[in-house]
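Visitor: Quick mapping for you: the protein sequence lines, in order, are chains W and C. The first sequence begins at 22 in the numbering used here and counts up by one. The second sequence begins at 22 in the numbering used here and counts up by one. All C-beta atoms, glycine included, are put in the ideal place defined by N, C-alpha and C. Just dropping this structure here.
Protein chains: 2
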Amino acid sequence: MDANEFRKHGHAAIEAIAEYMENVNDLPVVPKVAPNFLQEQIPADPPKHPESFDQIIKDFNDIIMPGITHWQSGKFMAYYPTGFSFPSLIGEMYASMLAGNGFLWICNPAATELETITVDWLAKLLGLDERFLSNSQGGGVIQTTASDSTFVSMVAARHRIATYYQDHKGLNLHDIAPKLVAYASDQSHSSIEKAAKVLGLQVKVLPTDSDYVLRGETVAETLEADRHAGLLPFFICATIGTTSAASVDDVPGIVKACQSDENIWIHVDAAYAGSAMVCPEFRHHMQGCADVDSFTFNPHKWLLVHFDCSCLFVKNSLALTNALTVKPYYLRTKAQDQGLVRDYSDYQLQLGRRFRSLKLWFTLRNYGQSGLQKHIHDSVGIAQLFIRRLSNDPRLELVAKAHFALVCFRLKPAVCYPCTSNSQRNGGQAASNDSRATNENGAALQATNAKMLDLLHLIQQSDIFLTKAILHGKVCIRVSFGSFKCSPEIVEHVWSVIRGCVDQVVPLDESIVV
Amino acid sequence: MDANEFRKHGHAAIEAIAEYMENVNDLPVVPKVAPNFLQEQIPADPPKHPESFDQIIKDFNDIIMPGITHWQSGKFMAYYPTGFSFPSLIGEMYASMLAGNGFLWICNPAATELETITVDWLAKLLGLDERFLSNSQGGGVIQTTASDSTFVSMVAARHRIATYYQDHKGLNLHDIAPKLVAYASDQSHSSIEKAAKVLGLQVKVLPTDSDYVLRGETVAETLEADRHAGLLPFFICATIGTTSAASVDDVPGIVKACQSDENIWIHVDAAYAGSAMVCPEFRHHMQGCADVDSFTFNPHKWLLVHFDCSCLFVKNSLALTNALTVKPYYLRTKAQDQGLVRDYSDYQLQLGRRFRSLKLWFTLRNYGQSGLQKHIHDSVGIAQLFIRRLSNDPRLELVAKAHFALVCFRLKPAVCYPCTSNSQRNGGQAASNDSRATNENGAALQATNAKMLDLLHLIQQSDIFLTKAILHGKVCIRVSFGSFKCSPEIVEHVWSVIRGCVDQVVPLDESIVV
Numbered sequence: 022m023d024a025n026e027f028r029k030h031g032h033a034a035i036e037a038i039a040e041y042m043e044n045v046n047d048l049p050v051v052p053k054v055a056p057n058f059l060q061e062q063i064p065a066d067p068p069k070h071p072e073s074f075d076q077i078i079k080d081f082n083d084i085i086m087p088g089i090t091h092w093q094s095g096k097f098m099a100y101y102p103t104g105f106s107f108p109s110l111i112g113e114m115y116a117s118m119l120a121g122n123g124f125l126w127i128c129n130p131a132a133t134e135l136e137t138i139t140v141d142w143l144a145k146l147l148g149l150d151e152r153f154l155s156n157s158q159g160g161g162v163i164q165t166t167a168s169d170s171t172f173v174s175m176v177a178a179r180h181r182i183a184t185y186y187q188d189h190k191g192l193n194l195h196d197i198a199p200k201l202v203a204y205a206s207d208q209s210h211s212s213i214e215k216a217a218k219v220l221g222l223q224v225k226v227l228p229t230d231s232d233y234v235l236r237g238e239t240v241a242e243t244l245e246a247d248r249h250a251g252l253l254p255f256f257i258c259a260t261i262g263t264t265s266a267a268s269v270d271d272v273p274g275i276v277k278a279c280q281s282d283e284n285i286w287i288h289v290d291a292a293y294a295g296s297a298m299v300c301p302e303f304r305h306h307m308q309g310c311a312d313v314d315s316f317t318f319n320p321h322k323w324l325l326v327h328f329d330c331s332c333l334f335v336k337n338s339l340a341l342t343n344a345l346t347v348k349p350y351y352l353r354t355k356a357q358d359q360g361l362v363r364d365y366s367d368y369q370l371q372l373g374r375r376f377r378s379l380k381l382w383f384t385l386r387n388y389g390q391s392g393l394q395k396h397i398h399d400s401v402g403i404a405q406l407f408i409r410r411l412s413n414d415p416r417l418e419l420v421a422k423a424h425f426a427l428v429c430f431r432l433k434p435a436v437c438y439p440c441t442s443n444s445q446r447n448g449g450q451a452a453s454n455d456s457r458a459t460n461e462n463g464a465a466l467q468a469t470n471a472k473m474l475d476l477l478h479l480i481q482q483s484d485i486f487l488t489k490a491i492l493h494g495k496v497c498i499r500v501s502f503g504s505f506k507c508s509p510e511i512v513e514h515v516w517s518v519i520r521g522c523v524d525q526v527v528p529l530d531e532s533i534v535v
Numbered sequence: 022m023d024a025n026e027f028r029k030h031g032h033a034a035i036e037a038i039a040e041y042m043e044n045v046n047d048l049p050v051v052p053k054v055a056p057n058f059l060q061e062q063i064p065a066d067p068p069k070h071p072e073s074f075d076q077i078i079k080d081f082n083d084i085i086m087p088g089i090t091h092w093q094s095g096k097f098m099a100y101y102p103t104g105f106s107f108p109s110l111i112g113e114m115y116a117s118m119l120a121g122n123g124f125l126w127i128c129n130p131a132a133t134e135l136e137t138i139t140v141d142w143l144a145k146l147l148g149l150d151e152r153f154l155s156n157s158q159g160g161g162v163i164q165t166t167a168s169d170s171t172f173v174s175m176v177a178a179r180h181r182i183a184t185y186y187q188d189h190k191g192l193n194l195h196d197i198a199p200k201l202v203a204y205a206s207d208q209s210h211s212s213i214e215k216a217a218k219v220l221g222l223q224v225k226v227l228p229t230d231s232d233y234v235l236r237g238e239t240v241a242e243t244l245e246a247d248r249h250a251g252l253l254p255f256f257i258c259a260t261i262g263t264t265s266a267a268s269v270d271d272v273p274g275i276v277k278a279c280q281s282d283e284n285i286w287i288h289v290d291a292a293y294a295g296s297a298m299v300c301p302e303f304r305h306h307m308q309g310c311a312d313v314d315s316f317t318f319n320p321h322k323w324l325l326v327h328f329d330c331s332c333l334f335v336k337n338s339l340a341l342t343n344a345l346t347v348k349p350y351y352l353r354t355k356a357q358d359q360g361l362v363r364d365y366s367d368y369q370l371q372l373g374r375r376f377r378s379l380k381l382w383f384t385l386r387n388y389g390q391s392g393l394q395k396h397i398h399d400s401v402g403i404a405q406l407f408i409r410r411l412s413n414d415p416r417l418e419l420v421a422k423a424h425f426a427l428v429c430f431r432l433k434p435a436v437c438y439p440c441t442s443n444s445q446r447n448g449g450q451a452a453s454n455d456s457r458a459t460n461e462n463g464a465a466l467q468a469t470n471a472k473m474l475d476l477l478h479l480i481q482q483s484d485i486f487l488t489k490a491i492l493h494g495k496v497c498i499r500v501s502f503g504s505f506k507c508s509p510e511i512v513e514h515v516w517s518v519i520r521g522c523v524d525q526v527v528p529l530d531e532s533i534v535v
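Dropping the structure here:
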């Protein structure tokens with residue numbers, strides 16, 4: 022394909038993309054395909070000779086599209102949203118045009134410096150402490166995913182404590198590794214466990230309270246006991262917006278619990294909820310974040326930027342680069358030796374990197390702070406509408422306090438296992454989720470969870486996509502908003518589908534007291 | 022920006038991309054900018070309100086473009102090429118349209134299955150052993166970079182030996198970690214050292230022979246000595262196409278040296294040269310690869326596919342997934358439990374992943390095997406032309422046998438340090454590179470290296486981009502071909518520039534006998 026043929030197919034792609042986004046809500050959100058559906062439609066061997074691009078695009082439409090899960094559909098409410106916006110998409114196009122690899126400053130000065138500037142913009146939009154800005158000892162960097170951000174933070178934490186023990190006690194990493202402990206909560210993302218597993222280090226999962234919040238007291242008690250047992254705490258992850266419930270950990274309490282130990286690296290995973298901090302009304306959730314070592318959030322989730330674009334901010338860049346820099350002869354440059362530039366490959370596991378700051382720059386400018394805020398407000402407003410509908414149904418209850426644009430609900434145990442209804446009522450309306458969970462006997466929980474799986478199964482037959490979660494043993498349905506193709510009309514539709522499914526699982530029966 | 026405004030700016034982007042690729046050779050390949058050039062041109066704070074996209078694109082052209090290193094220019098001969106082709110670019114556009122995240126099969130069935138099919142295609146195009154195909158116990162997966170591919174291979178290797186010692190000796194990872202050794206050569210890519218550093222494990226760098234090849238005998242001797250010293254070898258990286266010289270390690274010899282020890286994971290890094298294996302005449306370099314544990318190469322380097330797209334093939338998928346899988350409740354699906362599908366997040370460090378098989382599919386089909394072969398042939402032919410010009414200049418010599426499309430040359434020591442010329446001549450023409458290096462006295466090497474840095478500096482003033490390398494102490498200039506915008510005309514131009522610079526550093530002087 023030469024430039025002229027590209028013009029033809031490129032313009033056609035632009036039209037296809039525009040039409041797709043205009044009509045995506047009409048497509049089935051989850052494809053009706055069985056495993057290995059594609060194998061039967063695509064030759065097992067690569068083509069020997071060039072095939073026409075017209076045929077390729079025809080096959081894309083006929084074979085691939087029916088197997089796509091439409092993340093951008095307003096009816097996609099599973100997992101977390103993945104960012105899309107038109108300026109971001111055009112940013113990706115220009116990045117593909119340049120098709121460079123910015124591992125060193127000299128490999129792409131504009132990409133490197135635009136990254137520094139745009140991550141600083143993000144830090145300011147979120148109200149991060151100024152020690153996370155690039156003109157301090159810290160700064161931000163774009164990683165592929167929050168998994169990567171968390172991973173390199175844990176590597177930096179391990180390097181820091183290993184250096185300390187080397188310098189102060191003459192011990193090497195292998196001497197202390199068996200005693201190192203990383204901490205997560207029972208609501209932390211699996212990437213913390215994965216990072217520790219990959220590094221061959223121990224991770225302890227701490228319990229959260231009835232609101233799925235990791236409390237400072239829990240951390241303080243655990244740290245004391247673990248130190249007493251001769252262990253060496255070196256990393257803790259606090260989450261702002263947990264994966265299942267979007268709960269917010271007690272960051273100030275955790276900071277306080279760790280403050281006497283400079284070898285504990287506090288990492289904040291705000292992969293999802295970080296984007297909400299562009300709105301001042303959510304900023305109170307950031308309390309304590311000025312005192313942590315690293316903070317990550319994914320503009321590619323809820324800030325209209327295409328995947329991949331996870332931002333990691335660290336208080337001390339050297340802690341990261343000391344742990345990650347390997348500089349062979351062929352990667353050394355004068356500008357770097359003189360300390361004039363950042364080589365972002367020293368901030369990540371990989372060497373190569375795409376020009377991801379371009380889509381970020383296009384998006385932040387084309388939306389502006391006010392446009393980003395509007396997107397967050399719209400998503401939260403839609404979630405609130407859904408909660409209002411839900412709250413009017415006597416058979417359903419929120420399992421967790423709804424934060425941001427995430428809603429977790431389930432059938433009330435009294436509906437699924439009626440004999441518990443009296444004890445429930447005796448507990449009174451003031452009973453917290455937690456005491457109710459305690460009161461809930463095993464049979465009631467089991468019955469409720471079984472009905473919930475029935476309900477989920479039924480909803481999955483319909484044309485919306487949402488996922489399950491389990492919160493302290495309670496199976497729930499997790500509805501995540503954030504697509505800019507969602508609307509109040511879609512929420513009303515989704516609600517009517519869900520209510521219809523609930524009707525099938527537990528018919529509205531006046532005799533059941535809930 | 023709505024769909025209609027996107028149409029306008031999207032079509033404009035298509036025209037801009039086509040024009041860029043038509044004219045990229047006329048742009049200065051390395052930008053004339055100083056560190057922090059961008060800071061002065063972009064506001065320190067993000068915009069409060071939306072800015073027009075016309076203004077954004079104007080700034081892109083006025084501010085960003087002057088700071089871009091043009092990797093797609095035919096005059097870019099630094100590092101390794103980074104892939105570009107029009108079908109690949111359109112593949113990225115459609116992937117950006119769908120903007121999904123395929124961490125589980127259900128998250129994007131078509132993306133998952135297309136990945137399985139296209140990496141199988143690649144395995145067949147390269148002639149990989151069928152045990153690397155997905156219908157065996159092995160298979161391929163797309164990673165972001167070869168650094169990632171190598172890293173997860175090392176993690177799998179460590180997991181395998183740890184499991185062995187757990188099962189057979191009741192030892193845990195911390196018991197054996199201090200004794201684990203990974204092996205690389207002095208020509209291996211820095212990602213091996215980085216992977217070991219990140220994992221906190223020891224890496225030994227083995228010497229290569231005079232052709233920069235890691236020999237089986239070297240490996241065998243080292244393994245014996247290390248085992249005798251109580252160490253536990255667990256990972257070795259053999260390279261096909263080393264970073265500095267594109268040399269090819271003695272894979273059959275290395276396989277033989279390791280064959281008695283099933284705990285040594287043999288990883289082949291063919292990041293660059295793997296693409297050349299689409300041509301049968303290079304296949305002899307693959308000897309021994311049927312017997313290794315993992316093989317990685319980057320279609321995003323030399324196979325016309327946009328970054329990021331690194332393929333990792335493993336003989337035993339379970340070795341990889343056992344080491345990497347962490348499956349919380351919210352990521353469990355029925356299809357996965359039943360073993361019907363692959364969830365590619367279990368094959369990598371990250372959870373999230375882009376739809377990268379689409380650009381691969383578009384490119385492989387639109388070029389076909391014959392088109393891919395032609396691209397490799399063209400690059401190699403261009404390198405051969407460059408070598409012919411070089412060989413006619415009595416002041417220059419190849420430092421390494423030229424492999425694939427990479428050329429490393431330097432000034433002859435006799436030119437830089439004339440008093441060595443006699444001893445050189447006495448050595449006779451048959452002297453190998455190695456014996457010459459040995460004969461080369463310290464002063465001659467120092468003088469030659471100093472002149473080489475002068476030469477490099479001069480060349481860097483001109484409008485071509487190539488990089489330096491150091492090969493067994495000899496500084497050389499490394500010219501890497503592979504851009505599809507390169508041509509014989511450009512090579513003639515580049516050669517005339519280089520010759521002009523050589524003239525300045527060491528004028529052609531009939532009195533110097535070379």
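Tell me whether Phe475(C) sits in a helix, a strand or coil according to DSSP, three-state version.
Guide: The residue you call residue 475(C) lines up with position 454 of the second sequence. It is Asp, not Phe, that sits at residue 475(C) in the sequence shown. Correct three-state label for Asp475(C): helix.
Visitor: With a threshold of 7 Å on Cβ separation, who are the neighbours of Cys300(W) within its own chain once the five nearest residues in sequence on each side are excluded?
Guide: As a first step, residue 300(W) must be located in the first sequence, where it is residue number 279. Closer than 7 Å at the Cβ level, and outside the excluded window around Cys300(W), lie Gln394, Ile397 and His398.
Visitor: Starting from Val500(C) and walking both ways along the alpha helix (DSSP H), at which residues does that stretch end?
Guide: Taking the first residue of the second sequence as 1, we reach residue 500(C) at position 479. No alpha helix (DSSP H) holds Val500(C); the beta strand (DSSP E) holding it covers Lys495 to Ser501.
Visitor: Among all the DSSP beta bridges, which residues are the ones paired with Leu492(W)?
Guide: Position 471 of the first sequence, counting from 1, holds the residue named residue 492(W). DSSP lists Lys495(W) as partners of Leu492(W).
Visitor: Ile403(W) and Ala426(W) look like a contact to me (Cβ under 8 Å); what is the Cβ gap, rounded to whole Å?
Guide: Locating residue 403(W) in the first sequence gives position 382, counting from the first residue. Locating residue 426(W) in the first sequence gives position 405, counting from the first residue. Sure, about 7 Å apart at Cβ, within 8 Å.
Visitor: If you check the beta carbons only, do Ala250(C) and Ser501(C) fall under 8 Å apart?
Guide: Position 229 of the second sequence, counting from 1, holds the residue named residue 250(C). Position 480 of the second sequence, counting from 1, holds the residue named residue 501(C). Result no, Cβ atoms of Ala250(C) and Ser501(C) do not sit closer than 8 Å.
Visitor: Inspect the beta-carbon positions of Leu333(C) and Ser170(C) and report whether they are closer than 8 Å.
Guide: Numbered from 1 along the second sequence, position 312 holds the residue referred to as residue 333(C). Numbered from 1 along the second sequence, position 149 holds the residue referred to as residue 170(C). Taking 8 Å as the Cβ cut-off, Leu333(C) and Ser170(C) qualify as a contacting pair.
Visitor: Are the segment 125-144 of chain W and the segment 55-67 of chain C touching by the rule of at least three beta carbon pairs closer than 8 Å?
Guide: yes
Visitor: Give the C-beta separation of Gly31(C) and Ser504(C) to the nearest angstrom, bearing in mind that I take them to be a contact with Cβ-Cβ under 8 Å.
Guide: Taking the first residue of the second sequence as 1, we reach residue 31(C) at position 10. Taking the first residue of the second sequence as 1, we reach residue 504(C) at position 483. That belief does not hold up - the Cβ atoms of Gly31(C) and Ser504(C) are roughly 26 Å apart, past 8 Å.
Visitor: Would you mind sorting His180(W) into buried or exposed? The rule is 16 or more other CB atoms within 10 Å of its CB.
Guide: As a first step, residue 180(W) must be located in the first sequence, where it is residue number 159. The residue is buried, with at least 16 neighbouring Cβ atoms inside 10 Å.
Visitor: Short check: CB of Pro102(C) to CB of Trp323(C), under 8 Å?
Guide: In the second sequence, counting from the first residue as 1, residue 102(C) sits at position 81. In the second sequence, counting from the first residue as 1, residue 323(C) sits at position 302. Going by C-beta atoms, Pro102(C) is nearer than 8 Å to Trp323(C).
Visitor: Report buried or exposed for Leu411(C), applying the criterion of at least 16 other Cβ atoms within 10 angstroms of its Cβ.
Guide: To locate residue 411(C), count along the second sequence from 1; it is residue 390. By the neighbour-count rule (16 or more Cβ atoms within 10 Å), Leu411(C) is buried.
Visitor: Can Ala297(W) and Ile275(W) be called in contact, C-beta distance under 8 Å?
Guide: Reading the first sequence from its first residue, position 276 is the one you call residue 297(W). Reading the first sequence from its first residue, position 254 is the one you call residue 275(W). In this structure, Ile275(W) does not lie closer than 8 Å to Ala297(W) by Cβ.
Visitor: Note down, in chain order, each residue of its chain lying with its Cβ closer than 7 Å to the Cβ of Gln390(C), except the 5 sequence neighbours on either side.
Guide: The count along the second sequence starts at 1 and reaches residue 390(C) at position 369. Once the five neighbours on either side are set aside, the close Cβ partners of Gln390(C) are Leu146 and Val299.
Visitor: Between Asn319(C), Lys29(C), Leu476(C) and His478(C), which has its C-alpha nearest Leu143(C)'s C-alpha?
Guide: Within the second sequence, numbered from 1, the residue matching residue 143(C) stands at position 122. When only C-alpha atoms are compared, the closest one is Asn319(C).
Visitor: Under 8 Å: do the segment 200-220 of chain C and the segment 155-169 of chain C share three or more Cβ pairs, one atom per stretch?
Guide: Output reads yes: the segment 155-169 of chain C touches the segment 200-220 of chain C.
Visitor: Does the segment 279-294 of chain W come into contact with the segment 116-127 of chain W, if we say contact requires no fewer than three beta-carbon pairs (one atom in each stretch) closer than 8 Å?
Guide: Result no; under three Cβ-Cβ pairs closer than 8 Å.
Visitor: Going by DSSP in three states, Ser206(W) sits in which element: helix, strand or coil?
Guide: Within the first sequence, numbered from 1, the residue matching residue 206(W) stands at position 185. In the structure shown, Ser206(W) sits in a strand (DSSP, three-state: E or B).
Visitor: Hey, how far is the Cα of Gln371(W) from the Cα of Val173(C)?
Guide: Your numbering for residue 371(W) matches position 350 in the first sequence. Your numbering for residue 173(C) matches position 152 in the second sequence. Computed Cα separation, rounded: 12 Å.
Visitor: Going by C-alpha to C-alpha distance, which of Ala178(C), His189(C), Lys215(C) and Asp188(C) sits closest to Leu201(C)?
Guide: Here residue 201(C) is taken as the residue at index 180 of the second sequence, counted from 1. It is Ala178(C) whose Cα lies nearest to the Cα of Leu201(C).
Visitor: Which residues of the segment 69-91 of chain C have a Cβ closer than 9 Å to any Cβ of chain W? Give them in chain order.
Guide: Lys69, His70, Pro71, Glu72, Ser73, Phe74, Gln76, Ile77, Ile78, Asp80, Phe81, Ile84, Ile85, Met86, Pro87, Gly88, Ile89, Thr90 and His91
Visitor: Can you give the beta carbon distance from Ala120(C) to Phe81(W), rounded, assuming they're within the 8 Å contact cut?
Guide: Start at 1 with the first residue of the second sequence, and residue 120(C) comes out as number 99. Start at 1 with the first residue of the first sequence, and residue 81(W) comes out as number 60. Between Phe81(W) and Ala120(C) the Cβ distance is about 16 Å, and since that is not below 8 Å, they are no contact.
Visitor: With a 10 Å radius around its C-beta and 16 neighbouring C-beta atoms as the bar for buried, classify Gln223(C) as buried or exposed.
Guide: One-based indexing of the second sequence puts residue 223(C) at position 202. Flag for Gln223(C) reads buried.
Visitor: Mapping DSSP to helix, strand and coil, what is Arg9(C)?
Guide: There is no way to answer for residue 9(C), as the model of chain C reaches only from 22 to 535.
Visitor: Assuming Leu60(W) and Glu134(C) make a contact with CB atoms under 8 Å, what is their CB distance in whole Å?
Guide: Working through the first sequence from its first residue, we reach residue 60(W) at position 39. Working through the second sequence from its first residue, we reach residue 134(C) at position 113. What sits at residue 60(W) in the sequence shown is Gln, not Leu. With a beta-carbon spacing of about 7 Å, Gln60(W) and Glu134(C) fall inside the 8 Å limit used to define contacts.
Visitor: Quick one: Cα of Asp484(C) to Cα of Leu220(C), how far?
Guide: Here residue 484(C) refers to the residue found at position 463 of the second sequence. Here residue 220(C) refers to the residue found at position 199 of the second sequence. Asp484(C) and Leu220(C): Cα-Cα distance of roughly 41 Å.
Visitor: Excluding the 5 residues flanking Trp92(C) on each side, which residues of the same chain have their C-beta closer than 6 Å to its C-beta?
Guide: Within the second sequence, the letter at position 71 stands for residue 92(C). Residues Thr103 of the same chain have their beta carbon placed closer than 6 Å to that of Trp92(C), with the five preceding and five following residues left out of the count.
Visitor: What does the alpha-carbon distance come out to for the pair Arg457(W) and Tyr438(W)?
Guide: What you label residue 457(W) is simply residue 436 of the first sequence in a count that begins at 1. What you label residue 438(W) is simply residue 417 of the first sequence in a count that begins at 1. Model confidence at Arg457(W) stands at a pLDDT of 45, short of 50, so the residue's coordinates are unreliable; what they give is reported in the following sentence. Each residue's alpha carbon lies about 14 Å from the other.
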